[in-house]
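Here the protein sequences line up with chains F and E, keeping their order. Mind the numbering: the first sequence is residues 22 to 343 in this note's numbering, read in order. Mind the numbering: the second sequence is residues 26 to 270 in this note's numbering, read in order.
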Amino acid sequence: MSVLVYLEHADGAVKKSSLEAVSYAKALSDKLGAGDVVAVGLGSIVNDELAKAGTAGASKVLHVSDERLTAGIIQAHASAMAEVYKNVGASTLVLAKSSLGDAVAARLAVKLNAALVSNVVELPETSAGYQVKRSIYTGKAFAITEVTKEHKILAVKKNAVDLKTDGASAAVEAVSVNLSDADFAGKITATDKAEGDILLPEADVVVSGGRGLKGPENWGMIETLAKELGAATGCSKPVSDIGWRPHHEHVGQTGVKVAPTLYVAVGISGAIQHLAGVNSSKCIVVINKDPEAPFFKAADYGIVGDAFEVLPKLTEAVKALK
Amino acid sequence: MKILVCITHVPDTTSKIQFTDNNTKFDKNGVQFIIGPYDDYALARAVELKEQLGGSLTVLNVGEADTEPTLRKALAIGADDAIRVNAHPTDSLFVANQIAHIAKSNGYELILMGRESIDFNGGMVHGMVGEILGMPSFSPVMKLEIDGDTVKMAREIEGGKEQLEAKLPLIAGCQEPIAEWKIPNMRGIMSARTKPLQVVDPVSDEVATSVSNFQLPPAKGAVKLIDKDNVEELVKLLKNEAKVL
Ligand SMILES: Cc1cc2nc3c(=O)[nH]c(=O)nc-3n(C[C@H](O)[C@H](O)[C@H](O)COP(=O)(O)OP(=O)(O)OC[C@H]3O[C@@H](n4cnc5c(N)ncnc54)[C@H](O)[C@@H]3O)c2cc1C
Ligand SMILES: Nc1ncnc2c1ncn2[C@@H]1O[C@H](COP(=O)(O)O)[C@@H](O)[C@H]1O
Numbered sequence: 022m023s024v025l026v027y028l029e030h031a032d033g034a035v036k037k038s039s040l041e042a043v044s045y046a047k048a049l050s051d052k053l054g055a056g057d058v059v060a061v062g063l064g065s066i067v068n069d070e071l072a073k074a075g076t077a078g079a080s081k082v083l084h085v086s087d088e089r090l091t092a093g094i095i096q097a098h099a100s101a102m103a104e105v106y107k108n109v110g111a112s113t114l115v116l117a118k119s120s121l122g123d124a125v126a127a128r129l130a131v132k133l134n135a136a137l138v139s140n141v142v143e144l145p146e147t148s149a150g151y152q153v154k155r156s157i158y159t160g161k162a163f164a165i166t167e168v169t170k171e172h173k174i175l176a177v178k179k180n181a182v183d184l185k186t187d188g189a190s191a192a193v194e195a196v197s198v199n200l201s202d203a204d205f206a207g208k209i210t211a212t213d214k215a216e217g218d219i220l221l222p223e224a225d226v227v228v229s230g231g232r233g234l235k236g237p238e239n240w241g242m243i244e245t246l247a248k249e250l251g252a253a254t255g256c257s258k259p260v261s262d263i264g265w266r267p268h269h270e271h272v273g274q275t276g277v278k279v280a281p282t283l284y285v286a287v288g289i290s291g292a293i294q295h296l297a298g299v300n301s302s303k304c305i306v307v308i309n310k311d312p313e314a315p316f317f318k319a320a321d322y323g324i325v326g327d328a329f330e331v332l333p334k335l336t337e338a339v340k341a342l343k
Numbered sequence: 026m027k028i029l030v031c032i033t034h035v036p037d038t039t040s041k042i043q044f045t046d047n048n049t050k051f052d053k054n055g056v057q058f059i060i061g062p063y064d065d066y067a068l069a070r071a072v073e074l075k076e077q078l079g080g081s082l083t084v085l086n087v088g089e090a091d092t093e094p095t096l097r098k099a100l101a102i103g104a105d106d107a108i109r110v111n112a113h114p115t116d117s118l119f120v121a122n123q124i125a126h127i128a129k130s131n132g133y134e135l136i137l138m139g140r141e142s143i144d145f146n147g148g149m150v151h152g153m154v155g156e157i158l159g160m161p162s163f164s165p166v167m168k169l170e171i172d173g174d175t176v177k178m179a180r181e182i183e184g185g186k187e188q189l190e191a192k193l194p195l196i197a198g199c200q201e202p203i204a205e206w207k208i209p210n211m212r213g214i215m216s217a218r219t220k221p222l223q224v225v226d227p228v229s230d231e232v233a234t235s236v237s238n239f240q241l242p243p244a245k246g247a248v249k250l251i252d253k254d255n256v257e258e259l260v261k262l263l264k265n266e267a268k269v270l
């Protein structure tokens, strides 16, 4: 028996959250004696990138290089993973929670007759049964979930496990799978992606702006600070609703849920729906001119002040640190 | 066109989440329930599609009797009829089996759901139903237009979006800006009272998971305020105390 890991990649690099999933799988296998950790990459990606799964804890990496799998087509990915899962004789599949990962895992759960637990935050407890802790109510609570099927799929929440970096290098082996036309039911006609930007859901540091910034022309301040910090930029929902910023930057209950080590919120009031998207951050800094802004209650550090005054100073102070 | 929209009945997004009975039950005390925000987008788009193309629009919920006001609200927004599968929806596989069974017997051409429920945040029921029915599923879909038997969609991918085309029938997990939330008007509310709401029994009781108990996250410590004329201090604290720089 072994533990299989589904790797996602973007712009030619394996996603950090997928490497965390590998580290989770390794810890799981060590804890339960569950056998080898085998990571699987789909579509065009170079071996050097895939081999990073070794450092994160995989003993082997399988590569299905079929071009058609480079785009995240849900059914095709599920079919490919199901075939590899059976061929390897795995008992558990681990993946990083993401909108693609969730959808692929859902179809896999039916194909493999497996129990799927999403948003997993800890290793399973197996002293009596098999219990997994998962985050629910958009980070406002946890559910201890009893799993009753032999085959298991665990979708791990970002930043819930420490990334292992001391693993041995793993060999990458090419494998092929049988895919049918039905697996490619959706035809992608165009892709529109900001190249080179740090992906918000993956980012280690996020700088977000709210309506307090008054208008899109003031986002330069946010971008400059983000650049200094190596951060991705985010925003509140009204900001993307009015079109100041693109929709994929909207953070919160109905937007992206981030889990960075540092979240800097500027001119955001801290409505409960916004907090739901940031409550997995390790450290939160709030800059707001209103000392009564609810965001201060959720923050680790705060500055009561005008963003237009504080941001440039903060950017300088970060620069000075280097 | 025959459209099915699957809706959840979930605590209002501002609710304080608490549990009772030794942390084994959700505490409904003082909690306002709403249509899941993503399901509400799906419903709004479905109403627009029905206006444009004709046909029928059914809403479905797997839940106990207390979800009926939420189904009535969906009828007031514009659905023609509602189905409630009378069961407590604890497990995604269980819910997916119920939805798939009803979809199979009624031959819907388009099934819209939310990208995820805001109680369990699984994002998986649409994929499971798709796999059970052998139907393609797409999520998160932020634009959806029908052109004959072709569905043109925009799907959010990390850092951007992609345009997609697929044939009916299919399932989509929806999110904004697919449509604007619709607020029921007086006429809608009146007519919703007499629209059909059918209650059916669940078809299987197979589950893959069950919740043994709930926990709340530890309380957050107080914020440390730094003077606005001393931002260097903040940077120092982030580096030396929080160790995040
Ligand atoms: C169902 C539902 C789902 C929702 N989902 C989300 C979601 O996912 N994400 C989300 O963000 N919101 C969401 N919302 C909206 C949410 O309720 C708030 O309306 C929103 O977060 C407020 O955005 P804001 O803080 O940018 O704006 P405001 O509430 O207008 O706050 C602006 C803040 O900026 C401060 N400010 C003003 N000028 C300055 C200045 N010069 N310097 C510093 N500070 C300044 C003000 O003191 C204020 O605190 C949702 C709402 C609903 C009903
Ligand atoms: N109990 C339910 N009744 C009807 N539809 C549901 C139910 N649970 C989930 N769904 C649908 O499936 C979507 C995804 O839910 P989930 O997989 O729980 O995140 C939701 O947005 C709904 O459209």
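Glycine is no exception: its CB is placed at the ideal position from the N, C-alpha and C atoms.
Classify F/E350 as buried or exposed, calling it buried when 16 or more other Cβ atoms lie within 10 Å of its own Cβ. There is simply no residue 350 of chain F to check, as chain F begins at 22 and stops at 343 in what is shown.
Does any residue of chain F bring its CB to less than 8 Å from the CB of E/T92? no
Ligand 1 heavy atom lying under 7 Å from the CB of F/F329: yes
Assuming F/I66 and F/H30 are in contact, meaning their beta carbons sit under 8 Å apart, how far apart are those beta carbons, in whole angstroms? 5 Å
At a cut-off of 7 Å, is E/M138 close to ligand 3 when judged by its beta-carbon and the heavy atoms of the ligand? This structure does not include ligand 3; its bound ligands are ligand 1 and ligand 2.
Could you give the first and the last residue of the continuous beta strand (DSSP E) run that contains F/I289? Unbroken run through F/I289: none, as it is neither H nor E.
Near F/P237, which residues of its chain fall below 6 Å by C-beta distance, leaving aside the five closest residues on each side in sequence? Cβ within range, chain order: W265.
Just to confirm, does E/I59 get its C-beta within under 7 Å of one of the non-hydrogen atoms of ligand 2? The answer is no for E/I59.
Any residue with its C-beta under 5 Å from a non-hydrogen atom of ligand 1 counts. Can you list them all in chain order? In chain order, the qualifying residues are F/G231, F/R232, F/G233, F/S257, F/K258, F/P259, F/G273, F/Q274, F/T275, F/G276, F/G288, F/I289, F/S290, F/A292, F/Q294, F/H295, F/N309, F/K310, F/D311, F/A314, F/D327, F/A328, E/T38, E/P62.
Interface residues of chain E facing F/R128 [CB-CB closer than 8 Å]: G152, M153, G155, E156, S162
Rounding to the nearest angstrom, what Cα-Cα distance links F/S38 and F/E223 in this structure? Their backbone Cα atoms lie some 7 Å apart in a straight line.
Terminal residues of the continuous beta strand (DSSP E) containing F/K340? Counting along the chain, F/K340 falls outside any beta strand (DSSP E), though it belongs to the alpha helix (DSSP H) covering 328–342.
heavy atom of ligand 2 below 7 Å from E/L85 C-beta: yes
Could you tell me if the beta carbon of E/E141 falls within a distance shorter than 7 Å of some heavy atom in ligand 2? yes
With a threshold of 16 other CB atoms inside 10 Å of the CB of F/L342, please say whether the residue is buried or exposed. exposed
Which residues bound the alpha helix (DSSP H) around F/D69? 68–71
Pair within 8 Å by beta-carbon distance, F/G230 and F/I243: yes
Could you give the residue range of the beta strand (DSSP E) that holds E/P165? Residues 162–172.
Considering only heavy atoms of ligand 2, does any lie closer than 7 Å to the CB of E/C31? True, at least one ligand heavy atom lies under 7 Å from that Cβ.
Can you give the Cα-Cα distance for F/V285 and E/P243, rounded to whole angstroms? 21 Å
beta-carbon E/H113 near ligand 2 non-hydrogen atom, thresh 7 Å: For ligand 2, not one heavy atom lies less than 7 Å from the Cβ of E/H113.
Contact residues within the region 135–150 of chain E, judged by C-beta distance below 8 Å to chain F: R140, E141, I143, D144, F145, N146, G147, G148, M149, V150
Beta-carbon separation of F/S301 and F/G160 under 8 Å? If you check the CB distance, F/S301 and F/G160 come in under 8 Å.
Kindly say whether F/T282, judged by its beta-carbon, lies nearer than 8 Å to any beta-carbon of chain E. yes
Is there a C-beta anywhere in chain F that falls below 8 Å from the one on E/S229? no
Using 8 Å as the limit for Cβ to Cβ distance, is F/L317 near chain E? Looking at the sequence itself, residue 317 of chain F is Phe, so the reference to Leu does not match. True, the Cβ-Cβ gap to chain E drops below 8 Å.
Between E/V248 and F/C304, is the Cβ-Cβ spacing less than 8 Å? no
Sheet register partners of E/Q57 (DSSP bridge): Answer is none; E/Q57 lacks a bridge partner.
Identity of the residue in E/P114, E/M160, E/L137 nearest E/I28 by Cα: E/L137
Based on Cα-Cα distance, which residue from E/E93, E/A99, E/G103 lies nearest to E/A112? The residue with the shortest Cα to Cα distance from E/A112 is E/E93.
Suppose only complete runs of 4+ residues qualify. What are the alpha helix (DSSP H) ranges in the region 82–153 of chain E, listed by chain order? 93–102, 117–131
Answer with yes or no whether the minimum CB distance from E/Q57 to chain F is below 8 Å. no
Taking 8 Å as the cut-off, decide whether the C-beta atoms of E/Q123 and E/V228 are in contact. yes
Residue span of the alpha helix (DSSP H) that contains F/E194, given as start and end: Counting along the chain, F/E194 falls outside any alpha helix (DSSP H), though it belongs to the beta strand (DSSP E) covering 192–195.
Mind listing which residues of the region 27–56 of chain E have their C-beta closer than 7 Å to chain F's C-betas, in chain order? T38, T39, I42
Below 8 Å on C-beta distance, what does E/E334 contact in chain F? The shown model of chain E, from 26 to 270, leaves out residue 334 of chain E, and the question about it has no answer.
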